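So the structure is just underneath, and the comments pick up after that.
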């Protein structure tokens, strides 16, 4: 018998190949049907981990993943990952199988009013009433997840999915064309950049699928510098002399000065969330243009002129409009100052990322997945680490749930990418099941544990040795790797770290590197000289 679940998989795969993730339920469901159909279908041991992985796969595949859930604790445990996808505007198609019958409202087993979960979790929700309605909802949901930027929720009676299919799914509908800017808005943006003395491009996650060649050409034509948000890494080559680092919490002193003195800022594909606005304020005379597909975003937090359109179409159009000879080198930007940190032969956070900066270029790693813990943050600071050109980045959104970085990295690996996933021992201790799934699926991922013996951020506001933030028992990830018989190493010096990375990164399967991190350095680093913030460029 061909079930409705099987036909649902056919309908989704007809739109685009995609990944199906989840924890198997008591009876076969959508995840089982995806596996039987030969789609990429992965069963996890933890729903939160499945949600993290689904978000990472969606980012890597540039198409919504399917998170298969069930009413009750299954969906509730996945909500942490779903909320992260909502925050980062990652398209997910969440399909929840729910019970029906006379027990609803009378203490039904694992019943939860899932249709009430909406704000802050889902961009669109639909409760399916029939087989035909299901196929429509899946097609509509896949489109809405991309167009609205975030998770959508399709709620399906389990008995409907398990029933025999009676109708054929409709033909796949082509995705709508990206929205284009008006010629007037393109001219306005181009004129602003051409006339500005100190223009800045600020690129967010909405530019991830855009060829960086457009932003580079614009920056060189109008003598602009470029900053990116954490989710926007890879949208501008970090090796380029006009790259000024990450914005907000991760600003360098040079970039802060440049940003605060800018007379024009073009924001493309960024919500300008809180962490992106930390540490700087635009000049009162600065004009800001904000480009987004969501009309509620521009001007929400900073006064800005609004352009509603697709980032890629906009950048390509502006590139043509500003057509003028390139200005090389930049006339008002002196570049980033490399970190000159001394480690005394031990590995602290800046040293770890300096070694990564030397090892990753030329490796076969395609994706760097990062947590957002205290030691991880040094990897967002351009003085310490820059992302190799062509390498993708996976980071948490504004929720920064522990484990999202490494979990999303596993999702990318399960879709065929070569991944290095980096996080602290706190994140790994909460998400040990990720290692088990990586082993079972032989995923090409190197997990790197930054072991500093506790929760980094919370420890900064508490006395040394506080039992709430310091671990008296290790997470046991090394023992787990040993029991699973995968390659693993533990290192404590920079030389051991480099040798360990060069040994493990080429492995086409799961591996583990545990790094002993000395101390917990506060972030962001203090500028070495306050004068640097006002002397990094001239008007010459």
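Residue numbers (the working numbering): 369 to 908.
No residue lacks a Cβ here, since even glycine has one placed at the ideal position from N, Cα and C.
Remember, it's a predicted structure, so these values are computed and weren't measured experimentally.
Environment of residue i [buried if 16+ CB atoms lie within 10 Å]
i: residue 853; result: exposed
i: residue 427; result: buried
i: residue 820; result: buried
i: residue 386; result: buried
i: residue 747; result: buried
i: residue 468; result: exposed
i: residue 649; result: exposed
i: residue 375; result: buried
i: residue 653; result: exposed
i: residue 780; result: buried
i: residue 692; result: exposed
i: residue 828; result: exposed
i: residue 923; result: The requested residue 923 does not occur in the structure, where the chain is confined to residues 369 to 908.
i: residue 646; result: exposed
i: residue 384; result: exposed
i: residue 389; result: buried
i: residue 413; result: exposed
C-alpha gap between residue i and residue j, whole angstroms
i: residue 908; j: residue 631; result: Caution is warranted here: a pLDDT of 30 is assigned to residue 908, below 50, making its placement in the model unreliable, and the coordinate value is therefore given only provisionally. When rounded, the distance between both Cα atoms is 16 Å.
i: residue 721; j: residue 621; result: 19 Å
i: residue 458; j: residue 519; result: 7 Å
i: residue 684; j: residue 638; result: 17 Å
i: residue 576; j: residue 602; result: 7 Å
i: residue 889; j: residue 711; result: 12 Å
i: residue 464; j: residue 754; result: 40 Å
i: residue 905; j: residue 688; result: Summary for residue 905: the model assigns pLDDT 32, below 50, so the residue's position carries little reliability; its value from the coordinates is reported in the next sentence. Cα to Cα, residue 905 sits roughly 28 Å from residue 688.
i: residue 802; j: residue 774; result: 8 Å
i: residue 598; j: residue 440; result: 33 Å
i: residue 869; j: residue 504; result: 48 Å
i: residue 524; j: residue 369; result: 19 Å
i: residue 976; j: residue 739; result: Any answer about residue 976 is impossible in this case: the structure gives the chain only from 369 up to 908.
i: residue 418; j: residue 772; result: 10 Å
i: residue 608; j: residue 714; result: 31 Å
i: residue 444; j: residue 589; result: 50 Å
i: residue 585; j: residue 449; result: 36 Å
i: residue 543; j: residue 430; result: 13 Å
i: residue 777; j: residue 815; result: 9 Å
i: residue 409; j: residue 415; result: 14 Å
i: residue 697; j: residue 566; result: 14 Å
i: residue 676; j: residue 553; result: 9 Å
i: residue 497; j: residue 549; result: 38 Å
Nonlocal neighbours in the same chain, by C-beta distance under 7 Å from residue i, ignoring five residues either side
i: residue 447; result: 489
i: residue 894; result: none
i: residue 887; result: 716
i: residue 580; result: 603, 604, 605
Beta-carbon proximity list for residue i, same chain, < 6 Å, skipping 5 on both sides
i: residue 699; result: 591
i: residue 749; result: 618
i: residue 665; result: 639
i: residue 509; result: 461, 520, 522
i: residue 382; result: 540
i: residue 643; result: 616, 617
i: residue 858; result: 882
Range of the contiguous alpha helix (DSSP H) that encloses residue i
i: residue 850; result: 845-851
i: residue 557; result: 551-563
i: residue 826; result: 824-827
i: residue 621; result: 621-629
i: residue 375; result: 372-383
i: residue 505; result: 499-516
i: residue 870; result: 862-872
i: residue 529; result: 526-530
i: residue 398; result: 398-404
i: residue 612; result: Not the alpha helix (DSSP H): residue 612 falls in the beta strand (DSSP E), residues 611-614.
i: residue 837; result: Segment: none, residue 837 is in no alpha helix (DSSP H) and carries neither H nor E.
i: residue 981; result: Residue 981 lies beyond the stretch modelled for the chain, which goes from 369 to 908, so this question has no answer here.
Segment limits, beta strand (DSSP E) that includes residue i
i: residue 735; result: 735-738
i: residue 594; result: 593-596
i: residue 494; result: 492-495
i: residue 636; result: 632-636
i: residue 857; result: 856-859
i: residue 578; result: Unbroken run through residue 578: none, as it is neither H nor E.
Cut-off 8 Å between Cβ atoms - residues of its own chain near residue i, not counting five sequence neighbours on either side
i: residue 899; result: Reliability fails at residue 899, whose pLDDT of 37 lies under 50, so the model's placement of it is uncertain and the value that follows must be treated cautiously. Nothing meets the Cβ criterion.
i: residue 491; result: 454, 512, 513, 516, 517, 518, 519, 520
i: residue 824; result: 741, 742, 743, 792, 794, 888
i: residue 482; result: 439, 443, 464, 466, 521, 523
- What residue ranges within the stretch 756-796 form continuous beta strand (DSSP E) runs of no fewer than 3 residues, ordered along the chain? The stretch 756-796 contains these whole beta strand (DSSP E) runs: 760-762, 787-792.
- 3-residue-minimum beta strand (DSSP E) runs that sit fully inside the stretch 638-719, ordered along the chain: Fully enclosed beta strand (DSSP E) runs of no fewer than 3 residues occupy 655-660, 673-676 of the stretch 638-719, in order along the chain.
- Query: What beta strand (DSSP E) runs, 3 residues minimum, are completely inside the stretch 409-462?
  - Reply: Entirely contained in the stretch 409-462, the beta strand (DSSP E) runs reaching 3 residues are, in chain order, 433-438.
- Task: Would you list, in sequence order, the uninterrupted beta strand (DSSP E) runs of no fewer than 3 residues that lie entirely inside the stretch 797-821?
- Result: Correct list: 813-819.
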